[in-house]
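What the sequence shown shows, in the working numbering, is residues 4 to 450, in sequence order.
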Amino acid sequence: MNAHAHRKTGSDPEFMFERAVETLPRPALRSLQVERLQWTLDRAYQNVLHYRHKFDAAGVKPNQLKTLDDLKHFPFTVKTDLRDNYPFGMFASPHSDLCRLHASSGTTGKPTVVGYTQGDIDHWAGLMARSMAAAGARPGDVVHNAYGYGLFTGGLGAHYGAERLGCIVVPISGGGTERQVVLMQDFAAGMLCATPSYALNIAEVAEAQGIDIKALPVRRGLFGAEPWSEAMRAELDRRLGITAVDIYGLSEIMGPGVACECDTARAGLHGWEDHFLFEIIDPETLEPMAMGETGELVITTLTKEALPMVRYRTRDITRLTDEPCVCGRSHVRIQRVTGRDDDMMIIRGVNVYPSQVEAVLVGLSGLSPHYQIMLGNDGAMDAMTVEVEVTADTSCSSDDLAAKAREVRHHIKSMIGVSCQVVAKHPGKLPRSQGKAVRVHDHRKKP
Ligand code: DLL
């Protein structure tokens, strides 16, 4: 067996970064959560005017929370609360205690600014180390970090986590894909951190460079920051010769590492319950939903100092499960996030997420997994055009492209139940992702 093949198998599958807390029995986890929740509510009420006003208006005081169930009496927090209090109005720490700011790109209006104390950064690094270990990284591994560095939380979040775990981090960020492939090879990366769409781009560029990425030591992919499907996971496993693991997070709550799958089960992301409280609510009625039911994920931070978040409505649609996991971790599992409720398209009365379209496209013969969706008008209704790309070994005569488009249209209709237009393009004609892929382009007329 050569060295590469040996490294591919990994070592010490039982390794846990913080075994005691990751396997904490439910009653102990619950009492830890109540204690930390009381601390968080009190901190928010004492230090953030926004929370004080909201709690007062709802007629609740932090000391009224005695059990986790009492949280339902407290008001929700939404993204516009952060925008309305731009830039620092939601912070619970004085400026002198801050050590980092991150911000969202703010495509609509002002960016969302989030702040961290040194304590927050320490917790974040620990949770990212925990996530990476769950995903199969081990001390000494080379971690190729292709998440973007900068105001986006992906790059620095993964960077600090990898270092905390004792890995050797390559802070390459996104872009320059040919060089990424060469360095993955030369530095013998064991884990690739990237958005799933960028990982696909890396796989494709490696193939074009004639580098067999499957034969490289890289054995784990830590992919997140955007919705992706099981079909895409199978595609990434196959093309990169890795085990692709899903990681979830959002800036408002911390960044990456709020939840992560274990590589043992790959069946839902362990939400780190010693630092966050997870609820699912009905986005219409705002009522809490039961374990297993699908709705909007709501998160409350339990240890954040600079930016405590009380019942933050993520807009992400998912469900929670609490069945024991084969890995032995006791923390609740968040099922794959299909998309945000604001990404949901309603096409001729059918609710569609871009990731559902992806699941149909990935794996169809003669088709590359790249796609984009154009939204337009069809009279009073919304219309969807899906642009796909054929593979290099497929005929590109206009008849064949039209036939391919008809075939894809048929699959989308039969699997998602929605009628749409499909345009099949020549190889390489669709944009390639360098970070978060932009799947939907909205050309609908504004009312
Ligand atoms: O995307 C943090 C992150 C970086 C997560 C790297 C994972 C890896 P934001 O830019 O604030 O933060 O975007 C957060 O991205 O509310 C989801 O809608 C989406 N998202 C993040 N991870 C996943 C995932 C980072 N694994 C928003 N599956 C979230 C589906 C995801 N959607």
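Beta carbons: idealized from backbone N, C-alpha and C, even for Gly.
Distance check for Ala237 and Gly164, CA to CA, integer angstroms please. Numbered from 1 along the sequence shown, position 161 holds the residue referred to as residue 164. Numbered from 1 along the sequence shown, position 234 holds the residue referred to as residue 237. Whole-angstrom Cα-Cα distance: 26 Å.
Got a sec? Which residues, its chain only, sit under 7 Å from Val329 by beta carbon, not counting five neighbours each side? As a working note, residue 329 is residue 326 in the sequence shown. The residues are Thr267, Ala268.
Whose CA, out of Lys448, Val443, Lys449, Arg447, lies closest to the CA of Glu229? For the purposes of this step, residue 229 is identified with residue 226 of the sequence shown, where counting begins at 1. The candidate whose alpha carbon is nearest that of Glu229 is Val443.
For Leu289 versus Thr317, is the C-beta spacing smaller than 8 Å? Translated into positions along the sequence shown, residue 289 becomes position 286. Translated into positions along the sequence shown, residue 317 becomes position 314. It is not a contact, given that the beta carbons lie outside the stated cut-off.
Roughly how many angstroms lie between the CA atoms of Arg141 and Cys170, to the nearest whole one? For this step, residue 141 is matched to residue 138 along the sequence shown. For this step, residue 170 is matched to residue 167 along the sequence shown. Roughly 7 Å separates the two Cα atoms.
Taking only heavy atoms of the ligand DLL into account, decide whether any of them is closer than 7 Å to the Cβ of Gly122. Here residue 122 is taken as the residue at index 119 of the sequence shown, counted from 1. No, the beta carbon of Gly122 sits no closer than 7 Å to any heavy atom of the ligand DLL.
Can you find the residues in the same chain that come closer than 7 Å, C-beta to C-beta, to Val37, ignoring five residues on each side of it along the sequence? Taking the first residue of the sequence shown as 1, we reach residue 37 at position 34. Excluding residues up to 5 positions away in sequence, Thr70, Leu71 lie with their Cβ nearer than 7 Å to the Cβ of Val37 in the same chain.
Mind checking whether the beta-carbon of Gly112 lies closer than 7 Å to any heavy atom of the ligand DLL? Locating residue 112 in the sequence shown gives position 109, where the first residue counts as 1. Annotation for Gly112 indicates a beta carbon at 7 Å or more from all heavy atoms of the ligand DLL.
At the level of alpha carbons, what is the spacing between Leu370 and Thr394? Here the question's residue 370 lines up with position 367 in the sequence shown. Here the question's residue 394 lines up with position 391 in the sequence shown. If I take the Cα positions, the gap works out to 5 Å.
As assigned by DSSP and simplified to three states, the class of Glu299: Counted from its first residue, the sequence shown places residue 299 at position 296. Taken through DSSP and simplified to helix, strand or coil, Glu299 comes out as strand.
Could you have a look at Ile419 and say whether DSSP puts it in helix, strand or coil? As a working mapping, residue 419 is identified with position 416 in the sequence shown. In the structure shown, Ile419 sits in a helix (DSSP, three-state: H, G or I).
Among Thr246, Arg339, Thr321, whose alpha-carbon lies nearest the alpha-carbon of Met135? To locate residue 135, count along the sequence shown from 1; it is residue 132. Ranking Thr246, Arg339, Thr321 by Cα distance to Met135 puts Thr246 first.
Segment contact flag, the stretch 381-397 with the stretch 343-351, C-beta cutoff 8 Å, min 3 pairs: At 8 Å Cβ cutoff, the stretches touch.
State the Cα-Cα distance for the pair Thr80 and Arg86, rounded to the nearest angstrom. What you label residue 80 is simply residue 77 of the sequence shown in a count that begins at 1. What you label residue 86 is simply residue 83 of the sequence shown in a count that begins at 1. Straight-line Cα distance between these residues: approximately 11 Å.
Could you pull the DSSP bridge partners for Asn148 from this structure? For the purposes of this step, residue 148 is taken as residue 145 along the sequence shown, with counting starting at 1. Bridge partners of Asn148: Cys196.
Are Ala283 and Glu264 touching if we call contact CB-CB under 8 Å? Looking up residue 283 in the sequence shown gives position 280. Looking up residue 264 in the sequence shown gives position 261. For the record, residue 283 in the displayed sequence is Ile; it is not Ala. Taking 8 Å as the Cβ cut-off, Ile283 and Glu264 do not qualify as a contacting pair.
Quick check on His126: does DSSP put it in helix, strand or coil? Walking along the sequence shown from the start, residue 126 turns up at place 123. In this structure, His126 counts as helix in the three-state DSSP scheme.
Assuming Ala161 is part of the alpha helix (DSSP H), what are its boundary residues? In the sequence shown, the residue the question calls residue 161 occupies position 158. First-last of the alpha helix (DSSP H) with Ala161: 156-168.
Leu104 - partner residues in DSSP beta bridges: Position 101 of the sequence shown, counted from the start, is the residue given in the question as residue 104. According to DSSP, which records beta bridges pairwise, Leu104 is partnered with Gly118.
Leaving out the 5 sequence neighbours to the left and right, which residues in its chain are closer than 7 Å to Phe20 when beta-carbon positions are compared? Working through the sequence shown from its first residue, we reach residue 20 at position 17. Counting only Cβ-Cβ distances below 7 Å, and skipping sequence neighbours, we find Ala132, Arg133, Ala136, Leu168.
With DSSP collapsed to three states, give me the class of Ile175. To locate residue 175, count along the sequence shown from 1; it is residue 172. Ile175: coil per DSSP, three-state reduction.
Across the stretch 272-279 and the stretch 86-96, are there enough close Cβ pairs to call them in contact, namely three or more that are closer than 8 Å? No, because fewer than three Cβ pairs between the stretch 272-279 and the stretch 86-96 fall closer than 8 Å, the two stretches do not touch.
For chain B, find out if any of its Cβ atoms is closer than 8 Å to the Cβ of Ala165; answer yes or no. Among the chains in the structure shown there is no chain B, since it carries only a single protein chain.
Counting Cβ pairs, one atom from each stretch, are 3 or more of them under 8 Å apart for the stretch 249-258 and the stretch 203-214? Segments in contact, no.
Do you know offhand how far Asp445's Cα is from Tyr150's? Stepping through the sequence shown from its first residue, residue 445 is reached at position 442. Stepping through the sequence shown from its first residue, residue 150 is reached at position 147. Put simply, the backbone Cα of Asp445 is about 26 Å away from that of Tyr150.
Identity of the residues DSSP links to Phe226 by a beta bridge: The residue labelled residue 226 in the question sits at position 223 within the sequence shown. Looking at the DSSP assignment, Phe226 forms a beta bridge with Ala197, Asp249.
What is the DSSP secondary structure of Ala395, reduced to helix, strand or coil? Position 392 of the sequence shown, counted from the start, is the residue given in the question as residue 395. In this structure, Ala395 counts as coil in the three-state DSSP scheme.
Is Pro16 buried or exposed, if buried means 16 or more other CB atoms sit within 10 Å of its CB? Position 13 of the sequence shown, counted from the first residue, corresponds to residue 16. Pro16 should be labelled exposed.
To which residues does DSSP link Glu390 through a beta bridge? Along the sequence shown, one-based indexing puts residue 390 at 387. DSSP lists Gln375, Val426 as partners of Glu390.
Span of the alpha helix (DSSP H), counted from its first residue to its last, around Ala47: The sequence position of residue 47 within the sequence shown is 44, counting from 1. Counting along the chain, the alpha helix (DSSP H) containing Ala47 begins and ends at 29-50.
Is the beta carbon of Phe190 closer than 8 Å to that of Val173? Counting from 1 along the sequence shown, the entry for residue 173 is found at position 170. Counting from 1 along the sequence shown, the entry for residue 190 is found at position 187. Yes, they are a contact pair.
In whole angstroms, what is the alpha-carbon distance linking Ser232 and Asp59? As a working note, residue 232 is residue 229 in the sequence shown. As a working note, residue 59 is residue 56 in the sequence shown. Between Ser232 and Asp59, the C-alpha separation is close to 42 Å.
So Arg46 and Ala95 are in contact, right, with Cβ under 8 Å, and what is the actual spacing, rounded? Working through the sequence shown from its first residue, we reach residue 46 at position 43. Working through the sequence shown from its first residue, we reach residue 95 at position 92. Their Cβ separation, rounded to whole angstroms, is 5 Å, which keeps Arg46 and Ala95 in contact under 8 Å.
Taking DSSP as the reference, what is the three-state secondary structure of Thr306? Within the sequence shown, numbered from 1, the residue matching residue 306 stands at position 303. In this structure, Thr306 counts as coil in the three-state DSSP scheme.
Three-state secondary structure assigned by DSSP to Asp15: Sequence index remark: in the sequence shown, residue 15 carries index 12 (1-based). For Asp15, the secondary structure class from DSSP, reduced to helix, strand or coil, is coil.
What is the rounded straight-line gap between the Cα of Ala23 and the Cα of Gly224? Residue 23 sits at position 20 when you count from the first residue of the sequence shown. Residue 224 sits at position 221 when you count from the first residue of the sequence shown. Straight-line Cα distance between these residues: approximately 26 Å.
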